Structures are given as structure tokens and as C-alpha cells.
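Q: I have a structure I would like to understand better, so I am pasting it below and will then ask my questions one at a time.
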Amino acid sequence: MISVCTTFKALESVKANKATGPDNIPAWVLRNYANVLAPPLTAIFNNSLSEGVLPMEWKMANVIPLPKTSPPVSIEKDIRPISLTPIAAKVFESIIMKWVDETIEGEIDAKQFGGISGTSTTDVLVELVHMWYKATDKLNAYVRVVMLDFRKAFDLINHHLLLDKLQSYGLPAHILRWMATFLLGRALFEICDRYCVSVIQ
């Protein structure tokens, strides 16, 4: 179970200027009143975990269009949708993700760089260049490289396969149950010029 101390530390680490979600609770409120909010939020977090249910309000997100280029030419290619969920939900997610990271740390391939804390594209480049130099040490040796880029890769992940994989890594049943709830039944509010233009269930 989550301790009040863990929640307090997570609240204290929230950036004061973080954008709010549909609940419009500013980050500075959670950060500045962490000592008051930590006990009730801890109770909500623990109840959510034990029941395997996430409050529907925490599954809602404001989707803000963020241009990749200025001015954007194509809506599909040049606009990145950013989902802003309630900050309290983000705090909860960060606590859960710390548990997940600690549980699956030894299971992840040493050559995995994406999504791993403390790694970057620089690490990948260093590893690849080293492999290429090593492979071309011999006379007349060459390297063929095929690089693939999956467009919107995270959107393509099958949730059932993800949960099966996490189960194979030894994640507890109550965490898996919670994650299934987390992934399903989300509501997105498309926001343009501070107005909600559509709702996606």
C-alpha cells in the first residue's frame, strides 16, 4: 500500500507551473498544501488500488493541439495532441510507475533505451556507432543498417498484450487490475482556444 510519506514526496515534486487537466486544480495548490492533501489523497490512492477502480474524473483529459512546425501545414502531420489529465491523477500514476519500474527492472533487455529512465538517444547512438566500428574492423567489411520508425507507436500498443507481458514480469494482480481500469473507458475533451470543441469517449 502507498504511505502518506510517499504521496507527500510526490506532491512536493510537482512542478508549480504544470498545466492543469479538466478539474482545473492548479499544480501550486497540490504542491504548497502537500502536508494537508497527502493523507486524504493517500486514502483515495489505496482505495483505488484495492478496489481496482480509478475515479472517472481522473480518466478524463483535455487534449490540446500543439503545432510541431510553425505554421502547421497538415493537421495530421504537423499537430501533436497533448493530453492534460488532472495533476492528482498524474501524481498517482508516478507512484504506480515507480513500483512497476522497480518490479520489471531486471526483466528489460540491456539494449532497450526507449522509455527507460536515465537513457537517451545519445546512449543509442554510442552503442550503434561502437557496434558499427567493431563490425568494420576487418578489411572490406561493411555494415547494412535498417531503421524503422513506427508512427504513433504508443497508440498501436495492444492493451491486452501489454497486461499479459506485465503479468509475465511478476506484477501483482491488484496492480494489473488497476492498470486495466486505467487503460479503459477514457474520455477526451478536445480544446481549441480555451473552448471544448468535441468529446471523445
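With the working numbering as the guide, the letters of the sequence shown map in order to residues 295 to 495. Ideal Cβ positions, reconstructed from N, Cα and C, are used throughout, including at glycine. All figures in this text were calculated on a predicted structure; none of them were measured in a lab.
For Val357, which of helix, strand or coil comes out of DSSP?
A: Of the three classes helix, strand and coil, the one that applies to Val357 here is strand, per DSSP.
Q: Report the option in Ser411, Met354, Met295 whose CA atom is closest to the CA atom of Ala383.
A: It is Met354.
Q: Have a look at Thr379 and Leu419 and give me their C-alpha separation to the nearest angstrom.
A: Distance between the alpha carbons of Thr379 and Leu419: 33 Å.
Q: Determine the direct distance from the alpha carbon of Cys299 to that of Leu343, and round the result to whole angstroms.
A: So the two alpha carbons sit approximately 17 Å from each other.
Q: Please classify Asn341 as buried or exposed, where buried requires at least 16 other C-beta atoms within 10 Å of its C-beta.
A: Counting Cβ neighbours within 10 Å, Asn341 comes out exposed, since fewer than 16 surround it.
Q: Under 8 Å by Cβ, that's how I've got Ile296 and Ile389 pegged, so tell me the actual separation to the nearest angstrom.
A: Indeed they touch by this definition, with Cβ atoms about 6 Å apart.
Q: Can you give the Cα-Cα distance for Thr345 and Thr416, rounded to whole angstroms?
A: Reading off the sequence, residue 345 comes out as Glu, not Thr. C-alpha separation (whole angstroms): 42 Å.
Q: Between the alpha carbons of Thr363 and Asp372, how many angstroms are there, rounded?
A: Going by the C-alpha atoms only, they are around 6 Å apart.
Q: Do the CB positions of Ile338 and Val394 come within less than 9 Å of each other?
A: No, Cβ-Cβ distance for Ile338 and Val394 is not below 9 Å.
Q: DSSP on Leu442, reduced to helix/strand/coil?
A: Coil.
Q: Please confirm whether Ile402 and Gly315 have their CB atoms less than 9 Å apart.
A: Cβ distance not < 9 Å, so Ile402 and Gly315 don't count as in contact.
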